[in-house]
Amino acid sequence: MAGTEVAGITLDVIDVGNGPPVLFLRAEHFMDQQLDFATSLAVSARVLTPGYPGFDGRAVADDVRSVEDLTYLYLQLLDDLALDRVTLIGSSIGGWIALEMAVRCPGRFAGLLLLSPLGVKLAARDERQFADLAAMPTNEAFAGLFGDQDKAPDFARYSAAQMEAIGRERQYLAYFAWNPYLHNPRLKRWLSRVNMPVELLWGGADRMQAPHYGEQLQSLLPDAELTVLPGIGHMPQLEDDAAVGAAFARLRGRT
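The C-terminal position of the sequence shown is numbered 692 in my numbering, with every residue numbered one higher than the one before it.
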C-alpha cells in the first residue's frame, strides 16, 4: 500500500500474507533489511509493516514531532483498516511505540513481541542506559548494534542512496526521540496496563542497552517472558531471525 494516507500523513505500508493481523514496527536503522523478517512471518499471518514519517524522505508535518504522535498515527492506521486482536511486533524504537500503543489500547492487541525495545528509562537518573550513537563515528556506532561483526554493515559497499538513507535514519531518530533521550519518563508508571501476553527478546551482546534492562522490564509487565540470545546484538531479526520466529510462535501459542 504505497502512499497510504493516515490522518493526513502519507505512509508506505507493506502488506503481505493472510491470516491473523500483525503490525511490525521496525528498528530505526537498516529498515529495508528488516523486510525479509516480515516476509518470513507472512506464511501464517497478515503482516503490515509501515514506514516512519521522515525516514522515507518525505517532509514531516510541523505538528508530528514525537513518539506520542507516531503512537497515534499507527493506532489510526489500525482504525482505518478496522483491525483488532492485532499482534504487535516492535524492535528498538518500534518496541517503544508498541508499548505506548498497548498502554493506551490494551484490549486491541492479542500480544506483543518486543525486540530490545527503547522507551522505558530503567537506569538511575545519573546512569546512562542507552548508548549515545550520535556521539560515535558512523562505523563504530552501527558496528555496536551487532553481536556478529560479520553481519555489521560494510559502508564501503553502500551506494550513495543507501548512505543518504542511513543519514535520514539518524536524523529522524533524533527528531522524534532526542529529548528526553530515547525514552518517555511517564511510560514506566503505566506498564501495568500492558496486560496481554508479551515475549521479550534481548540480544546478549546488545551494546545499545544491556540485557539486564530486559530483566527489569519483564518485572514491570504483568505477563511477560524474557529470552536472552547469546552473542546477538540490538536487532535480533537481522542476526537470528529463526530465534525471533520461534518467539513469535511461542507468543501465538499464548494468545
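Yeah, the Cβ is synthetic: ideal placement off N, Cα and C, and Gly gets one too. None of the values given here were measured: they were computed from a predicted structure.
(Q) Rounded to the nearest angstrom, what separates Ala578 and Leu610 at their Cα positions? (A) 14 Å
Q) Helix, strand or coil for Gly494 per DSSP? A) coil
**Q.** Rounded straight-line distance, which links the Cα of Leu663 to that of Gly604
**A.** 32 Å
Q) By Cβ distance, which residues of its chain are closer than 6 Å to Gly548, with the 5 residues on each side in sequence left out? A) Thr524, Met633, Pro634, Leu688, Thr692
Q: Please report how far the alpha carbon of Ala498 lies from the alpha carbon of Ile446, in whole angstroms.
A: 8 Å
Q.
Distance check for Tyr509 and Arg541, CA to CA, integer angstroms please.
A. 9 Å
Q | Under 8 Å between C-beta atoms of Gln653 and Leu559 | A | yes
Q.
Rounding to the nearest angstrom, what Cα-Cα distance links Tyr489 and Asp643 in this structure?
A. 23 Å
**Q.** Leu420 - DSSP class collapsed to helix/strand/coil
**A.** This structure leaves residue 420 out entirely; the chain is present only between 438 and 692.
(Q) I'd like to know whether the C-beta atoms of Ala482 and Val450 end up nearer to each other than 8 Å. (A) no
Q | Sub-8 Å separation of Leu512 and Leu624 beta-carbons | A | no
(Q) Between the region 463-483 and the region 528-535, can you find at least three pairs of beta-carbon atoms closer than 8 Å? (A) yes
(Q) Quick check: what's the CA-CA separation for Glu442 versus Leu448? (A) 6 Å
Q. Skipping 5 residues on each side, what residues in its chain have a beta carbon closer than 7 Å to that of Leu570?
A. Ala578
Q.
Just verifying my parser: in three-state terms, what is the DSSP assignment at Arg565?
A. coil
(Q) Taking the straight line between their C-alpha atoms, what separation do you get for Leu551 and Asp587? (A) 24 Å
Q: Kindly identify the DSSP beta-bridge partner or partners of Trp639.
A: Val665
(Q) Quick check on His671: does DSSP put it in helix, strand or coil? (A) coil
Q.
Between which two residues does the alpha helix (DSSP H) holding Arg689 run?
A. 678-691
Q.
Using a Cβ-Cβ cutoff of less than 7 Å, which residues in the same chain neighbour Leu658 once the five nearest sequence positions on both sides are dropped?
A. Leu628, Val631, Val635
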